[in-house]
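Count along the sequence shown from 1, then add 1; that gives the number in my numbering.
Glycine included, every Cβ here is placed at the ideal spot set by N, Cα and C.
Shown next, in structure tokens, is the structure this report addresses.
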Amino acid sequence: EGEEQQENKQALEKLVNNIYENDLNCDLNQCSSRKMQVFQRIPQNLLNEKRERIFLDFSTLVLEEAIPKWSLKLLLKGFEHDSVTTEIVDEECLLDYCVGVASSIGIICTFLYGGNIKKDTLTRAASLGIAMQLTNISRDIIADARLGRTYIPNTWFHMESIERDAFIPKAATTKDTITDSDTPVLSFANSIISKAESYYSEAWEGISCLPPSVRLAVASALLIYRDIGIGITNASQYPERARTTLLRKIYLTFAACVYLVTDSKPRFNSSADGNIEDIFQRNVSSVQSPL
2 EGEEQQENKQ ALEKLVNNIY ENDLNCDLNQ CSSRKMQVFQ RIPQNLLNEK RERIFLDFST
62 LVLEEAIPKW SLKLLLKGFE HDSVTTEIVD EECLLDYCVG VASSIGIICT FLYGGNIKKD
122 TLTRAASLGI AMQLTNISRD IIADARLGRT YIPNTWFHME SIERDAFIPK AATTKDTITD
182 SDTPVLSFAN SIISKAESYY SEAWEGISCL PPSVRLAVAS ALLIYRDIGI GITNASQYPE
242 RARTTLLRKI YLTFAACVYL VTDSKPRFNS SADGNIEDIF QRNVSSVQSP L
């Protein structure tokens, strides 16, 4: 699996570099020939039927929507982190990881949505990516431990006088639901969820900057994902896999519609500034050098 991941990474890096080798400002008639040039410059040993199909669709989106290279390099940065076992040293590393694996997708989607794209809109998209990935991490602590990994920062372990290497196998062998008296899983999950709140709040402020056709979908996704964290926080035991029911999703979609129509917002459980502008700028700057 590790070798395949490395090949995927190499192929993606080649693809991204090839796409941006020339100016992206080409008309749709030129895009077809550009895509062929992109593929011709990827080593054949890095191509197979599955990759060719995915890369063709990917190249089409990038060329036709003029998606900036730095956003794709952020995605590759996140892909690289997940392809190797890298410890999360501190909260800054945790947030940077979230930007790579999740915010990059939100930023790319923002370009696909179109409209008048400003830097503030992109930073809000980055906020949503961070918030959603933090929610993923909070609900998958046990599942990740069973894969021999954890995204909890080492500094949090140190503050709680817990050995990271002892925590992972203990969490991995947990059955069904657990209480906080058994392990600190619930405590860590609640800390991550609390951190996500400020980014959900900042992300909501950017929804009005998106084209009207996508606002409800984004607002609904925000509320539904956030609800997973709320469910964990309100639980007396840590659920092995927290979920939101279909009925709850319908309710939250209706709630999102009401918020948008009335130009109001949900009550978020955080007044802290997530410092998203600095996080955004730090990560964009980190990928400006060549791949």
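**OP:** Give the DSSP-derived three-state secondary structure of Tyr-21 in the structure shown.
**Re:** Taking the first residue of the sequence shown as 1, we reach residue 21 at position 20. Assignment of Tyr-21 by DSSP, reduced to helix, strand and coil, places it in the coil class.
Original post:
Quick one: does Lys-250 have its CB under 9 Å from some CB of chain B?
Top reply: Absence of chain B from the displayed structure is noted, only one protein chain being present.
Original post:
Out of curiosity, what's the CA-to-CA distance linking Leu-75 and Thr-254?
Top reply: For the purposes of this step, residue 75 is taken as residue 74 along the sequence shown, with counting starting at 1. For the purposes of this step, residue 254 is taken as residue 253 along the sequence shown, with counting starting at 1. So the alpha carbons of these two residues sit roughly 30 Å apart.
Original post:
Ends of the alpha helix (DSSP H) at Ile-106?
Top reply: Against the sequence shown, residue 106 aligns to sequence position 105. Its alpha helix (DSSP H) spans residues 105-114.
Original post:
In chain order, what residues of the same chain lie with their CB nearer than 8 Å to the CB of Ile-277, ignoring the 5 residues before and after it?
Top reply: By one-based count along the sequence shown, residue 277 stands at place 276. Sequence-distant partners of Ile-277 (beyond 5 residues in either direction) whose C-beta falls short of 8 Å from its own C-beta, in its chain, are Thr-124, Arg-125, Ala-127, Ser-128, Ile-131, Tyr-200, Glu-203.
Original post:
From Asn-117 to Ala-67, what distance separates their C-alpha atoms?
Top reply: Mapped onto the sequence shown, residue 117 falls at position 116. Mapped onto the sequence shown, residue 67 falls at position 66. Straight-line Cα distance between these residues: approximately 14 Å.
Subject >> Option nearest Leu-113 by Cα separation, candidates Tyr-226, Gly-275, Val-215 >> reply: Here the question's residue 113 lines up with position 112 in the sequence shown. Measuring from the Cα of Leu-113, the nearest candidate turns out to be Val-215.
Original post:
Got a sec, what are the start and stop residues for the alpha helix (DSSP H) Asp-264 sits in?
Top reply: What you label residue 264 is simply residue 263 of the sequence shown in a count that begins at 1. Where Asp-264 is concerned, there is no enclosing alpha helix (DSSP H), given that its DSSP letter is neither H nor E.
**OP:** Hey, could you find the ends of the alpha helix (DSSP H) Asp-141 is sitting in?
**Re:** Taking the sequence shown and counting its residues from 1, the one referred to as residue 141 is at position 140. First-last for Asp-141: undefined, no H or E at that position.
Original post:
So what does DSSP say about Gln-134, is it helix, strand or coil?
Top reply: For the purposes of this step, residue 134 is taken as the residue at position 133 of the sequence shown. Taken through DSSP and simplified to helix, strand or coil, Gln-134 comes out as helix.
Original post:
When the Cα atoms are used, what is the spatial distance from Ala-218 to Ser-188?
Top reply: As a first step, residue 218 must be located in the sequence shown, where it is residue number 217. As a first step, residue 188 must be located in the sequence shown, where it is residue number 187. Whole-angstrom Cα-Cα distance: 31 Å.
**OP:** Taking Pro-213 as the reference, give the member of Gly-115, Val-63, Leu-96 with the closest Cα.
**Re:** By 1-based counting over the sequence shown, the position of residue 213 is 212. Pro-213 has its Cα closest to that of Gly-115, out of Gly-115, Val-63, Leu-96.
Subject >> Endpoints, the alpha helix (DSSP H) within which Thr-156 is located >> reply: Locating residue 156 in the sequence shown gives position 155, counting from the first residue. Element bounds for Thr-156: 155-160.
Original post:
Would you report the Cα separation of Leu-96 and Glu-198, rounded to the nearest angstrom?
Top reply: Within the sequence shown, numbered from 1, the residue matching residue 96 stands at position 95. Within the sequence shown, numbered from 1, the residue matching residue 198 stands at position 197. If you take the alpha carbons of Leu-96 and Glu-198, they lie about 13 Å apart.
Subject >> Rounded Cβ spacing between Ser-72 and Ser-105 (contact assumed at less than 8 Å) >> reply: Locating residue 72 in the sequence shown gives position 71, counting from the first residue. Locating residue 105 in the sequence shown gives position 104, counting from the first residue. Confirmed, about 6 Å.
Original post:
Three-state secondary structure (DSSP) at Lys-119?
Top reply: For the purposes of this step, residue 119 is taken as the residue at position 118 of the sequence shown. Looking at Lys-119 - three-state DSSP - the assignment turns out to be coil, as it is neither helix nor strand.
**OP:** Report buried or exposed for Val-288, applying the criterion of at least 16 other Cβ atoms within 10 angstroms of its Cβ.
**Re:** Here the question's residue 288 lines up with position 287 in the sequence shown. The residue in question, Val-288, is buried, as its Cβ has 16 or more Cβ neighbours within 10 Å.
Original post:
Going by other Cβ atoms of all chains shown within 10 Å of its Cβ, with 16 needed for buried, is Ser-162 buried or exposed?
Top reply: Here the question's residue 162 lines up with position 161 in the sequence shown. Counting other Cβ atoms within 10 Å of its Cβ, Ser-162 stays below 16 and is therefore classed as exposed.
**OP:** With a 10 Å radius around its C-beta and 16 neighbouring C-beta atoms as the bar for buried, classify Asp-91 as buried or exposed.
**Re:** Within the sequence shown, residue 91 is the residue found at index 90, counting from 1. With fewer than 16 other Cβ atoms within 10 Å, it is exposed.
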